[in-house]
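J.: Take a look at the following structure, please.
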Amino acid sequence: MINTHKREEFDIEINQTVGKPFIKDAKFSTRNVDVFYGEKQAIFDANIDIGKNQIIAMIGPSGCGKSTFLRCLNRMNDTIQDCHISGDIRLDGEDIYQKQQDPVLLRARVGMVFQKPNPFPKSIYDNVAYGAKLHGLASSKIELDELVEKSLTRAGLFKEVKDSLHKPGTGLSGGQQQRLCIARTIAIDPEVILMDEPTSALDPIATAVIEELMISLSKKYTIAIVTHSMQQAARVSQRTAYFHLGYLVEVNDTNTVFTNPEHRLTENYITGRFG
Amino acid sequence: MINTHKREEFDIEINQTVGKPFIKDAKFSTRNVDVFYGEKQAIFDANIDIGKNQIIAMIGPSGCGKSTFLRCLNRMNDTIQDCHISGDIRLDGEDIYQKQQDPVLLRARVGMVFQKPNPFPKSIYDNVAYGAKLHGLASSKIELDELVEKSLTRAGLFKEVKDSLHKPGTGLSGGQQQRLCIARTIAIDPEVILMDEPTSALDPIATAVIEELMISLSKKYTIAIVTHSMQQAARVSQRTAYFHLGYLVEVNDTNTVFTNPEHRLTENYITGRFG
Amino acid sequence: MSFGAIFTALMALLLLGYYTGRKRSISLSDKRNQRLHSLPQHYGYLIAFWSSVPALLILLFWSVLESSVINSAIVAQLPAQLQQLSADELELLINEIINLSHSGVAIGDDVKRHAVFYYNALIEFSDWVKSVIVFVLAFIGMFIALAFVKPEMKARNLVERLIRWFMIGCASIAVLTTIGIIFSVIFESIIFFKAVNVFDFLFGTHWSPQEAIREDQVGGSGSFGALPLFVGTLLISFVALVIAVPLGLMSAIYLSEYSSPRFRLFAKPVLEMLAGIPTVVYGFFAAITVAPFIRDLGESLGLSLSSESALAAGIVMGVMIIPFVSSLSDDVISAVPQAMRDGSYAMGATKSETIKQVIIPAALPGIVSGVLLAASRAIGETMIVVMAAGLSANLTFNPLEAVTTVTVQMVALLTGDQEFDSTKTLAAFALGLGLFLTTLVLNIISLYVVRKYREQYD
Amino acid sequence: METQQHISRQYNQELESVKSKVLKMGGMVEDQVEKSISALIEQNSELAKEVAESDYKINKIEVEIDESCAQLIAKRQPAAGDLRLIIAIIKVITDLERIGDEAEKIGRYTQKLTSMKDEVNMYAELSRLGDKVITILRDALDAFARMDVEQAIRIAGTDRQIDEEFERVSRILVTHMMENPRNIKTMLHVIWCARALERIGDHAQNVCEYVVYLVKGQDVRHMELE
Amino acid sequence: METQQHISRQYNQELESVKSKVLKMGGMVEDQVEKSISALIEQNSELAKEVAESDYKINKIEVEIDESCAQLIAKRQPAAGDLRLIIAIIKVITDLERIGDEAEKIGRYTQKLTSMKDEVNMYAELSRLGDKVITILRDALDAFARMDVEQAIRIAGTDRQIDEEFERVSRILVTHMMENPRNIKTMLHVIWCARALERIGDHAQNVCEYVVYLVKGQDVRHMELE
Amino acid sequence: MISNTKKIKNKLAKRYAKEKRFQIYGLGAIVISIAFLLSLLINISTTGFPAFQQTYINIDVDIDSKLLNLDGKYSEQALFSANYRKVINQSLKTLFPGVEDRRQKRALRQLISKSARYQLRDFVMNNPDTINTKQSLWFLARDDVDVFMKGSIDRSLPESDRRLKNFQLVWIDKLLTENRLEKRFNINFFTQGDSREPEQAGIKGAMIGSLLTMLVTVLLSFPIGVSAAIYLEEFAPKNNRWVDIIEININNLAAVPSIVFGLLGLAVFIGFFGVPRSIPLIGGLVLTLMTLPTIIISSRAALKAVPPSIREAALGLGASRVQTTFHHVVPAAMPGILTGTIIGMAQALGETAPLLMIGMVAFIADVPQGITDPSTVLPVQIYLWSDSPERAFTERTSAAIMVLLGFLIVMNLLATIMRRKFEKKR
Ligand SMILES: Nc1ncnc2c1ncn2[C@@H]1O[C@H](COP(=O)(O)OP(=O)(O)OP(=O)(O)O)[C@@H](O)[C@H]1O
Ligand SMILES: Nc1ncnc2c1ncn2[C@@H]1O[C@H](COP(=O)(O)OP(=O)(O)OP(=O)(O)O)[C@@H](O)[C@H]1O
Ligand SMILES: [Mg+2]
Ligand SMILES: [Mg+2]
Ligand SMILES: O=P([O-])([O-])[O-]
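Residue numbers (this note's numbering), protein chains in the order written: chain A, 468 to 742; chain B, 468 to 742; chain C, 8 to 465; chain D, 7 to 232; chain E, 7 to 232; chain F, 148 to 573.
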């Protein structure tokens, strides 16, 4: 079935990912990952490594499976009824889909930031402290205060909100909310941060601020972002992965992808030609 | 009050619109238009001409009053409770805010296409025929059929839907829906089409199709579009107006605005600098 | 002509008006070669309106007033000694006359026969005048309106103005209702409070409208201390809430967060059925099954329970209001955006942590308003307590004892064959006022609470 | 790369129009160079004048193309192949303009030469150089039009022949100068022309290099092409 | 124009880094030109060799800057001033690279000249030309660095002086050649050097024109600057 | 310092245990609620089912014209007022000869329903040629016999605690052995009005009363409620004093106890306008006022749920406010409006308290013919019967409840179907 699919739809074969999908010193590595929603296959045989302290961007036309793939990485797909995953996804060499793996623990290690900023309807402080309280990371109020301040500072938000820590987080502007969500995520000190179109609900100014933040966070964290804006991918990421109808077509250095992609489908997408 | 406002916020004075706000042979011309929402002034002294069979793009940061201004042109602001407009807006030299002007008739002459495609929950046919029925434009079923076909064809949608004219319009894809909305608007043969961010809910491919359509429609209609995408403004329009905090800062040929704007605020916005 | 016939004729006129209006507008537009301002049917609607509605209103007005005018006319021509009769007797007499007239049988004494004759004449005359006025008005309306039809006439705007006034009228009925409620309870209550001191009523601990305790009590035949009733009401409502809130809330949580879609598909309508069951059914169930069951249960535990304990009524009422809590909570919980859940799961929270710490706080305003709604239901609920709670006004906080409630007493006082203005009847209105005010206050509190929470997190 | 159309027809058209303008410019430049060489060899002062006075057209079209490229970048956010095309165009037209300048120079020197009336039968010697230069220029433009990397690489290699030819011509000219010191000034003009021809060859080589960059995405300037 | 910062600090940095690379390239080119001139005038074959062999660095930095510009366009969708800056940079560095080439040429000819050992005391004559060229180049780069249109226009005007000086030098050289036909070959090398210096002046003028385009958005190439 | 991961791991088991408990509480709540509902339904239906059957007694009747006091005149008038009681008593006597004791005689007569004579009358009037013949006829049994036949009277109880005495049991046994006792489908239950005699009591009167009341309610409340909702949602100016007052009123009325509406009806319609008590017109008016807030609020919610983009689209095409509303907004909101209306109607159908206030609680045996005839309604009938001590009334109460619930279920199904249909059309 897959073969005919390839023939008919692409003219070009997508036998395997072109470019440099594999690297040394990978944080995440996925091998032969297939994802199904019920009968429907959303991801076909994805093989890719995600490097430590790097930003990798995932781009591709709508519905090509970027979000699906991203959500495999912290098992957020578990919450979807009929979503099945096969293949091998390893975080630091450890299979995250094995029986003993606890998704709660995994998600504490692999944080996620969503498309629309979704602060909890609590105070700014409580938003950031939420994860720490949940996991019992801070043993005292002072420790917690410190953690909150540190996280907010690292998310570049502390200055703006330090006088209103106990005001509701929902009262912030969109960009501030998104930074609050990032602060909340880094408060539990994850190793990886996944971001699914984190700026598509934001205006250009807020977007620029978040992009800066991503770049500075990438010194400490491994970041994978899904974005619809090719320019954003070009701006923030070191590596870029191009998805097409569920296939991982090309993974390459961002500079290469944007000036000289290897695969014709990538080129077509990047230059705005008919897919 | 206005003066202090200018001093404090801009460093630069916005005394009057720079560039070429006025042209000969204008379809619309506005003079000294102020718009208030209750106490709050949203548009300050806007003076601009909109040329016949041209596309004019309105750009500017969020909340600068683009939509407000656009909606003044077909009195859609009438539906907002506490919105007051002063100044002079003329369509073909006729004051559209004078007492005798019926907003319903005005809106038949000045059509509008919205940000989110909003087809009626009716069949495709009925969507397009609605306006004609409303204004009694077709005297027979045959005439109506012709009108529907002509409008759909002109909106570049007929081929795609000719076999499903009686299926619901809401079943179409986003881009098709937006073209349906355009078809619906041109079915009543307006003189001007206003578009408020008509592609911001669409994916890039659908966007490109709509942009093509706008350009081809501009041969027959006068089009004013509000867009957040500077590139879109650059692509489709002949003239561009830049709004800033309610002021109409610059109106100029699009090529000029995007390569060599006159006002520093325009330049800052176009190049992504701090406003 | 009878009412029905006139009405039918008017409806026919309405249709006629529509078609002529439509036609005339089209032909005028053709003749003058002028575009119509509005669509032809708008002209049709307009003519249809003027040719029937004013006439219809007159007809209704006439019909409502007709009987009282005629009755007083009949009374006026009765012999003087008959006019001296009491109002009730007069009414009986008039009814008899009307019945005689309808039956068409000429029996009875001279006076009555005369009256019947007079009555028939009046009716005939009234019918005749009514028909003439109505039809003249209808035709005048139609022709004047037709004369106004011109292509440039803003028919649509006029029609729309009419529609708008009709809708304003409909919306205003709510205000009339409230005014009606207030007026219907306030006057009677004022009379009642003239007889019974307000403080005695509010804080008196003894309620027995049947017998007089003090000889010198003015106008009354019993004592009207309503405190036990209000306490009883609150006691039963409290029991009900104790049952309904945890069950309803937990059900809502389970249904919206945990259950499989199939279970939900089955369980949700079943729970909602609880709200659809008429209260009289609950009352019956409480009286026939639950109360004896609880009494037996109590006896087997060595407690002596009345078979009309507050507990039985409260439990059944609690079950009844479960859906108010669960349905509203379910709605607000489902309305909490998925993004919120995703946010929490992505932080490594378990489901129950997410629910307890994120979803419930987010949904709290809605839940609170659901609970308050349920509470006001409980307080105003009548049939369950009428059937399952007793009539004995005990001032107690013990749910195992029999208590009575405001609504029970209202029913008891008003369903007998008392005279309309006896103190007992009036007491019911005073209780109604108290009930109305209590729920009003509860309502205001709920609005306030909801608004306060909303302001904080939205 | 050209088989697939842009989703935006407008974009396609704009790109095509720029490309065709570049080809038109190439044609004009080629024409100028041919004319200047025949004017030089045939000592046709009319033609020389025409060449010298037509250069403004090439300048104009260069500015025009630059403008269009700027517009394209501003409007369309070109990436990958499209971006390389635009950058290559911006670069190529500088070279083409310079070629035009060189042709103009030849025209001017030819005008001077015809007015000098010195009998310096050197022009025949130049004709071989001229032929070679025209060939390489034509081939380079051809490679650009067809985006033909193979040909571009091949052509770029032939520039060395031109340099050698120039060396040969200039040696001959030096000998002539030594022999007829009175004609030195005239000869110098001839040498300037030869020099200009050699420069045209260099610029043609640059065009070829941009073709490689355009298609392969590799910048091969200042490297040995192989 | 430079007072306001981009919202994206990264973008700012990238633009700044390209600009500073261009300035660095300018510095390198200036250095090369200076060195080549002193090598020529002082007949310093060491220095000449150094110049001839350092050109590759300039070539390398040109390719680098081109690459960065392509990246910037792909990533940032520059518009208005930023776009003009990038286009100007793409254009300017071609000129700078050519200047480097000319310097290299001077270096090579100087090497040859020193090996010829012909006594042609012409170098002093060249020093005035050299000074002028260095001044105009330095000023042009300065105008570019400071985006100073006034200065750019003024400098572009001084190119005519260089052309005159070149005319003067070449007349002198022709006279010399006529006087010493044996030295013609050497003289020709000197003349090539002078010619190279003159071209450097032309390129410097181009740089000035781009500064005007950059700041004013007007393309003033091939027009009389005023 | 321990690493984050380890810290988190240590706490996990406890957190999962909490999770499990929470889930169990939730499921428990549902199970309890459903169990209550089931016990209610089962209880009602087990008590109510027997009411759909009725015991009949077979007697050989000697239709003797003399006993009938006919004097040979067989006119209708005469047949109507003939003495059928005597005939039946005589026939009973022949069936059980030897019952002499007056007390026992009375007990014997009480085996059979008081209505037997009317049954016989109807039979004779329809078949006048049967006079002076012997006919074997089936008559309604008394409720006690009926109850006994359905097994609800325990023979083993001491006689004093029983409704049926020993000798009555003997007779019944005799009748049984002679096959003179039979249970049949209780058609009377659906074709008769209320009665003091349980075996005769039916719900037709209450059903028609309910129907008429609902008719009045729906005809008034639907147009008024929907118009009001449309006005408030689509047309009402914001920041208008009058509109604010209307809104506050509606919200408040929604929570006013239903019994208060009864007071309103009592004071205004009956007290002030002097309309007669107990008629469906008043019931309908009161229920209209009571359901209006429900309909208005749910209709407003449905209207509010119509995306504003639809309105903008229509306005942008040059439709007026009214056209926009009636062409697009109302059709789109129709499913919600209809469901709201039906729910309101269901509420009204089950409503009792306010109707008690306006006198619909009176005993009315006749089936109402129009909206101005005195009548009762189903829930009130249920209330009335539930107050009656006879075991047979308890049975009938449950049966009436089953009928009422049946109507409610049908209405809810209707709501669901309508909503589906509308949604498909969209
Ligand atoms: N819960 C789901 N059930 C069934 N199919 C799904 C589900 N979620 C996604 N899909 C399908 O899987 C495919 C990939 O979806 P996914 O959301 O990953 O795409 P995406 O690349 O993120 O698109 P977008 O850019 O629009 O977010 C799509 O075809 C989509 O229709
Ligand atoms: N209905 C309203 N009532 C009060 N203020 C309003 C209303 N609509 C808009 N405004 C205010 O008027 C100003 C201009 O709004 P407008 O919607 O015209 O901006 P815009 O340029 O279209 O922004 P965007 O790009 O976000 O659509 C904003 O400050 C906004 O807050
Ligand atoms: Mg996605
Ligand atoms: Mg807007
Ligand atoms: O065009 P050039 O100055 O390099 O000869």
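For each residue, glycine too, the CB sits at the ideal point set by N, CA and C.
Could you pull out every residue in the same chain whose Cβ sits closer than 6 angstroms to the Cβ of residue 486 (chain F), ignoring the five residues on either side in sequence?
T.: Once the five neighbours on either side are set aside, the close Cβ partners of residue 486 (chain F) are 562 and 566.
J.: Near residue 354 (chain F), what residues of its chain come up, given a Cβ to Cβ distance below 7 angstroms and the 5 sequence neighbours on each side ignored?
T.: Closer than 7 angstroms at Cβ, skipping near neighbours: 525.
J.: Check for me: the alpha helix (DSSP H) holding residue 142 (chain E) runs from which residue to which?
T.: It spans 129–152 - the alpha helix (DSSP H) in which residue 142 (chain E) sits, taken as one unbroken run.
J.: Hey, is the region 99–114 of chain E in contact with the region 51–68 of chain E, meaning 3+ C-beta pairs nearer than 8 angstroms?
T.: The region 99–114 of chain E, when compared against the region 51–68 of chain E, does touch it at the 8 angstroms Cβ threshold.
J.: To the nearest angstrom, report how far apart residue 35 (chain D) and residue 103 (chain D) are at their CA atoms.
T.: About 8 angstroms.
J.: With respect to the beta strand (DSSP E) encompassing residue 691 (chain A), which residues constitute its N-terminal and C-terminal limits?
T.: Residues 689–693.
J.: Rounded to the nearest angstrom, what separates residue 514 (chain F) and residue 371 (chain F) at their Cα positions?
T.: Those two C-alpha atoms are separated by around 30 angstroms.
J.: Does DSSP classify residue 70 (chain E) as helix, strand or coil?
T.: In this structure, residue 70 (chain E) counts as helix in the three-state DSSP scheme.
J.: Between residue 98 (chain D) and the rest of its own chain, which residues show a CB-CB distance below 7 angstroms, the 5 nearest in sequence each way excluded?
T.: Correct list, in chain order: 28, 150, 213 and 216.
J.: At a cut-off of 8 angstroms, is residue 709 (chain A) close to ligand 1 when judged by its beta-carbon and the heavy atoms of the ligand?
T.: No, ligand 1 has no heavy atom inside 8 angstroms of this Cβ.
J.: Who are the near neighbours of residue 548 (chain F) in its chain, counting only those whose CB is closer than 7 angstroms to its CB and skipping five residues on each side?
T.: Closer than 7 angstroms at the Cβ level, and outside the excluded window around residue 548 (chain F), lie 191, 195 and 529.
J.: Jot down the residue ranges of each uninterrupted alpha helix (DSSP H) in the region 44–106 of chain D, minimum 4 residues, whole runs only, in chain order.
T.: Within the region 44–106 of chain D, the complete alpha helix (DSSP H) runs of at least 4 residues are 51–82.
J.: Which chain B residues are close to residue 635 (chain A), counting only those with a beta carbon under 7 angstroms from its beta carbon?
T.: The premise fails here: residue 635 (chain A) is roughly 22 angstroms from chain B at the closest Cβ pair, so nothing lies under 7 angstroms.
J.: Using beta-carbon positions only, say whether residue 419 (chain F) and residue 433 (chain F) come within less than 9 angstroms of one another.
T.: Result no, Cβ atoms of residue 419 (chain F) and residue 433 (chain F) do not sit closer than 9 angstroms.
J.: Tell me, to the nearest whole angstrom, how far the beta carbon of residue 404 (chain F) is from that of residue 325 (chain C); I am working on the premise that it is less than 8 angstroms.
T.: Not a contact, Cβ separation roughly 17 angstroms.
J.: Would you say residue 167 (chain C) lies against chain F (beta-carbon separation less than 9 angstroms)?
T.: Residue 167 (chain C) counts as touching chain F.
J.: For residue 269 (chain F) and residue 253 (chain F), what's the separation of their Cα atoms in angstroms?
T.: Those two C-alpha atoms are separated by around 24 angstroms.
J.: Pairs of beta-carbons, one from the region 649–667 of chain B and one from the region 688–696 of chain B, closer than 8 angstroms: are there three or more?
T.: Verdict: yes, contact present.
J.: How is the beta strand (DSSP E) around residue 553 (chain A) delimited, first residue to last?
T.: Residue 553 (chain A) -> beta strand (DSSP E) spans 550–558.
J.: According to the neighbour-count rule (16 or more other Cβ atoms, all chains shown, within 10 Å of its Cβ), is residue 349 (chain C) buried or exposed?
T.: Answer is buried; the Cβ neighbour count reaches 16.
J.: Helix, strand or coil for residue 218 (chain C), going by three-state DSSP, please let me know.
T.: In this predicted model, residue 218 (chain C) has a pLDDT of only 47, less than 50, meaning its place in the structure is not dependable; the value taken from the coordinates is given anyway. Correct three-state label for residue 218 (chain C): coil.
J.: Please report whether the beta-carbon of residue 179 (chain D) lies at a distance below 9 angstroms from any beta-carbon of chain B.
T.: Not closer than 9 angstroms to any Cβ of chain B, the Cβ of residue 179 (chain D) fails to qualify, so no.
J.: Using a Cβ-Cβ cut-off of less than 9 angstroms, list which residues of the region 34–65 of chain C approach chain H; keep chain order.
T.: The structure shown contains no chain H; its protein chains are A, B, C, D, E and F.
J.: So the candidates are F:223, F:246 and F:247; which of them puts its Cα closest to the Cα of residue 272 (chain F)?
T.: Of F:223, F:246 and F:247, the residue nearest in Cα terms is F:223.
J.: With DSSP collapsed to three states, give me the class of residue 11 (chain E).
T.: Residue 11 (chain E) falls in the coil class under three-state DSSP.
J.: Comparing the C-beta of residue 80 (chain E) with each C-beta of chain D, is any distance below 9 angstroms?
T.: Output row for residue 80 (chain E): interface = yes.
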